[in-house]
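Below is one structure, written out as structure tokens, with a few remarks after it.
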Amino acid sequence: AEVCYDRLGCFTDNIPWAGTAERPIAKLPWPPEQINIRFMLFTRQNVLSYQEITPVDPSTISASNYKGGRTTRMITHGFVDKGDENWLKDMCKMMFQVEDINCICIDWKGGSRTSYTQSAQNIRVIGAEIAYLIQLLMNDYNQKPADFHIIGHSLGAHCAGEVGKRIKGLGRITGLDPAEPYFQGTPIEVRLDPSDAVFVDVIHTDAAPLIPYLGLGMSQALGHLDFYPNGGEQMPGCGKNVASQIVDIDGIWEGTRDFVACNHLRSYKYYADSILNPDGFLGYRCPTVEAFEAGNCFPCPTKGCPMMGHYAPQVRPATNAEQFKFFLNTGDARPFTRWRYKVTMTLIGDRAVKGLTKVSLYGVNGNSRQHELFKTTLRPDSTYTGYIDSEVDVGDLLKAKFIWNNQQLNPLLPKIGVKTLTVQRGKDRQEFTFCGSGAVREDVLQTLTPC
Amino acid sequence: PPQEKGIFINLDNGELCFQSAQCKSKCCHRHDGLSLARCTSRAAENQECSPLTLYGTYYRCPCESGLHCDTDITIGGSITNTNFGICIDRNEKSISD
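If you're matching them up, the sequences are chains A and B in order.
Each position in the first sequence, counted from 1, maps to that position plus 1012 in this note's numbering.
Each position in the second sequence, counted from 1, maps to that position plus 3 in this note's numbering.
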């Protein structure tokens, strides 16, 4: 079957759009009038209240603050969500702090608050409508395709892919946890893929399989750079018990959204946080999360690591052909930024003792908390390696502090200390070496100073 | 092995609490008298802290292990649990003094 809408073209439900293993239920997309797609323009001249523009009536655009000759970023929401939800306009607001752009929040709740299988088809019409608007903006405001960047969350990510299929040379698409059902394992014309824009970056935060883990996002790599923060499946801070989750710091509504899809929503929270904290989300290129946790993919190459989020295009891998997976750890609450260090230490002491070691880092910009490194048998003259994701960017290191303890009585009052400690900073591979004098008893801080 | 998930004990940071003993971090923290208390990390060196008290919750967390909350404890303050200090490392201070 097929349905055609003026201005937007025809849409079929033949294979691969439906009737396949991934897409058993066939649905045709709704007409644009029923979906009632709304474009809400924010600029630095109107940060708090939007101006509604529509390609159907170009006078709304000429009357607005829309200006050619600068980047236009468009943000689309996903299933069940809506365009005037806070996270879209808050993201625009943060972008205005760092750049002068046209920021358009796209609302299609008319087509997203229905069955998922219908919503997954509706994004084709929404993608066509956005492409129609971009075409008009390019004609009347001398904009080039490279000036446009579409940020799509969940179904919105594949909707951005639809736009990319219609606008050749679209500047950038950012997929925030692209939706898995009806898209994972489908051909590239159906889902988001690297051919949809000059640069496609994706953040996976709910990549566990839908069955049985209720993971809503895709695990499959979709772009030029695919980031899997915290491994991409279980985000820190999303495992809270029910009461703590719903009664959120930002209120009951945000808490309820998190209760329903905490991992899935983290993708846009990380992106928003990256706008004002560029180097707080460095991605380390690695084949698997296990390899990353084991430290095989550390530190960054000399060229530097790409930054997950807003500034991803700044560090691009050599070839565009291959797809690259990147891993990093984030915080469990805002700010989600973390800075990764490798710590290698050689211990001294009078005897071996089982225990947990912690290290805190001190630098020109401040000091970090005590971070657990490893829980093992601490043997004098042995060397141990661990990794720290510091919540503070301490800058160039001045000193470090070491402390150990174990949850048992130590009648012999053993002493363990650090002979030498080397800290390597991930982002620029720089090393700092410190030495300690003597050994300390349990729960006593040992200061390590430059050797 | 994931530590056992507790509703009332072994709570992670961000989870609601009424007694610091419930939290893995041993600090049940609230911003002000009216806000809900949540488990939070203990204070690092140079951060604001409150000395260990018998109350369940803190306006400022006690210090991490090995650090001391340097405050001039006033009787009034200890009753209203509002005297705060800064976490310092006494070992290092004595070396450098």
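Note that CB positions come from ideal geometry on N, CA and C, so glycine has one too.
query, result
"In chain order, what residues of the same chain lie with their CB nearer than 8 Å to the CB of residue 1382 of chain A, ignoring the 5 residues before and after it?", "1370, 1371, 1372, 1413 and 1415"
"Going along chain B in order, which residues have a C-beta closer than 7 Å to the C-beta of residue 1427 of chain A?", "Near residue 1427 of chain A there are no residues of chain B at all, since even the closest Cβ is about 14 Å away, more than 7 Å."
"Buried or exposed for residue 5 of chain B, going by 16 or more other Cβ atoms inside 10 Å?", "With a pLDDT of only 45 at residue 5 of chain B, under 50, the local geometry of the prediction cannot be trusted, and no value is derived from it."
"How many Å lie between residue 1085 of chain A and residue 1294 of chain A at the Cα?", "23 Å"
"Count the other CB atoms, across all protein chains shown, that sit within 10 Å of the CB of residue 1395 of chain A; report buried if there are 16 or more and exposed otherwise.", "exposed"
"Check the C-beta distance from residue 1137 of chain A over to residue 1047 of chain A and give it rounded, since I have them as a contact under 8 Å.", "6 Å"
"Rounded C-beta distance between residue 1112 of chain A and residue 1056 of chain A? I'm assuming under 8 Å.", "6 Å"
"Between the C-alpha atoms of residue 1154 of chain A and residue 1343 of chain A, what's the straight-line distance to the nearest angstrom?", "42 Å"
"Kindly indicate which three-state DSSP category residue 1046 of chain A falls into: helix, strand or coil?", "helix"
"Could you tell me the alpha carbon to alpha carbon distance between residue 1013 of chain A and residue 1040 of chain A, rounded to whole angstroms?", "8 Å"
"For residue 1425 of chain A, write down the residues that DSSP places opposite it in a beta bridge.", "In DSSP, residue 1425 of chain A forms no bridge with anything."
"When DSSP builds the beta bridges, which residues end up paired with residue 1351 of chain A?", "A:1402"
"Which value, in whole angstroms, describes the spacing of the CA atoms of residue 1080 of chain A and residue 1149 of chain A?", "8 Å"
"Could you tell me whether any Cβ in chain A is nearer than 9 Å to the Cβ of residue 69 of chain B?", "yes"
"Just the Cα atoms here: how many angstroms apart are residue 1061 of chain A and residue 1239 of chain A?", "33 Å"
"Could you tell me which of A:1378, A:1320, A:1027 and A:1159 sits nearest to residue 1184 of chain A, measuring between CA atoms?", "A:1159"
"Which residues does DSSP list as the beta-bridge partners of residue 1361 of chain A?", "A:1428"
"Judging by CA-CA distance, which residue of A:1351, A:1404 and A:1393 is the nearest neighbour of residue 1365 of chain A?", "A:1393"
"Could you tell me whether the Cβ atoms of residue 1338 of chain A and residue 1278 of chain A are closer together than 9 Å?", "no"
"Closer than 6 Å by C-beta to residue 1457 of chain A: which residues in its own chain qualify, once you throw out the five before and the five after it? Chain order, please.", "1413 and 1415"
"When you compare the CB of residue 41 of chain B with every CB in chain A, is at least one pair closer than 9 Å?", "yes"
"What are the start and end residues of the beta strand (DSSP E) that includes residue 1315 of chain A?", "Note, residue 1315 of chain A: premise wrong, no beta strand (DSSP E); not H, not E."
"Just to check my reading of the structure: residue 1204 of chain A and residue 1234 of chain A have Cβ atoms closer than 8 Å, yes? What is that Cβ distance to the nearest angstrom?", "5 Å"
"Looking at residue 43 of chain B: is its Cβ nearer than 9 Å to the Cβ of residue 30 of chain B?", "yes"
"Between residue 44 of chain B and chain A, is the shortest Cβ-Cβ distance under 9 Å, so that the two count as touching?", "yes"
"Looking at residue 1444 of chain A: is its Cβ nearer than 9 Å to the Cβ of residue 1437 of chain A?", "yes"
"Using a cut-off of 7 Å between C-beta atoms, extract the partners of residue 1405 of chain A located in chain B.", "Here the premise fails: no neighbours, minimum Cβ distance about 14 Å."
"From B:65, B:63, B:28 and B:41, pick the residue whose C-alpha is nearest to that of residue 1253 of chain A; which is it?", "B:41"
"List, in order along the chain, the chain B residues whose C-beta lies closer than 9 Å to that of residue 1435 of chain A?", "By Cβ distance, chain B contributes nothing, its closest Cβ being about 17 Å from residue 1435 of chain A, past 9 Å."
"Specify, as a first and last residue, the run of the beta strand (DSSP E) that residue 1161 of chain A falls within.", "1160-1165"
"I need the DSSP call for residue 1079 of chain A, collapsed to helix, strand or coil.", "coil"
"State the beta-bridge partners of residue 1058 of chain A as determined by DSSP.", "A:1055"
"What is the DSSP secondary structure of residue 71 of chain B, counted as helix, strand or coil?", "strand"
"Would residue 1451 of chain A pass as an interface residue toward chain B - the criterion being a Cβ-Cβ separation below 9 Å?", "no"
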